[in-house]
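In this note's numbering, the protein residues as written are 253 to 391.
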């Protein structure tokens, strides 16, 4: 609409303002936008959004998640780890054990994310023993 175009012209030079077309409004429009590839690409630049995405993956596919040091270690040794999530808290406590797990994950081309223990994702990880991974497959 003309009003949207005029508003966008006024604000387009502000940092972090993007224009995305959608067919829905309100909360459904937000959900639609979060499924839009362009929006996901833009938002992936923001760590909080990455944390939200990981949290959503864990919640929706919990059967393909290993939690705690022992489960994660076993999964890493079998090359099952797609994404390893390590809280900064566990790094302080089990540095050598975590290093071995991380080496296994890298050897099998998995991703590693260090999560701040004070973030929302870090608080969730604390409930899982401060370490978790998203698996490529489940046994």
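Positions of the beta carbon are idealized from the N, C-alpha and C atoms, including for glycine.
Neighbourhood of residue 367 by C-beta distance below 8 Å, restricted to the same chain and skipping five residues each side: The residue given as residue 367 occupies position 115 in the chain shown. For residue 367, where only same-chain residues beyond five positions count, the Cβ hits under 8 Å are 303, 337, 338, 339, 340, 373, 374, 377.
Minimum C-alpha distance to residue 197 - residue among 301, 281, 331, 351: The question about residue 197 has no answer here: the residues shown for the chain are numbered 253 through 391.
Neighbour-count burial assignment, residue 361, 16 or more Cβ in a 10 Å radius: In the chain shown, residue 361 corresponds to position 109, counting from 1. Around the beta carbon of residue 361, a 10 Å sphere encloses fewer than 16 other beta carbons of the protein chains shown; the residue is thus reported as exposed.
Inter-residue spacing [alpha-carbon to alpha-carbon] between residue 201 and residue 272: Outside the displayed span of the chain (253 to 391) sits residue 201, for which this structure offers no information.
Reference residue 332, options 387, 275, 254, closest by Cα: Walking along the chain shown from the start, residue 332 turns up at place 80. The shortest C-alpha separation from residue 332 is found at 387.
Exposure of residue 254, with buried meaning 16 or more beta-carbon neighbours within 10 Å: Along the chain shown, read from residue 1 onward, the residue named residue 254 stands at position 2. When all chains shown are included, residue 254 counts as exposed.
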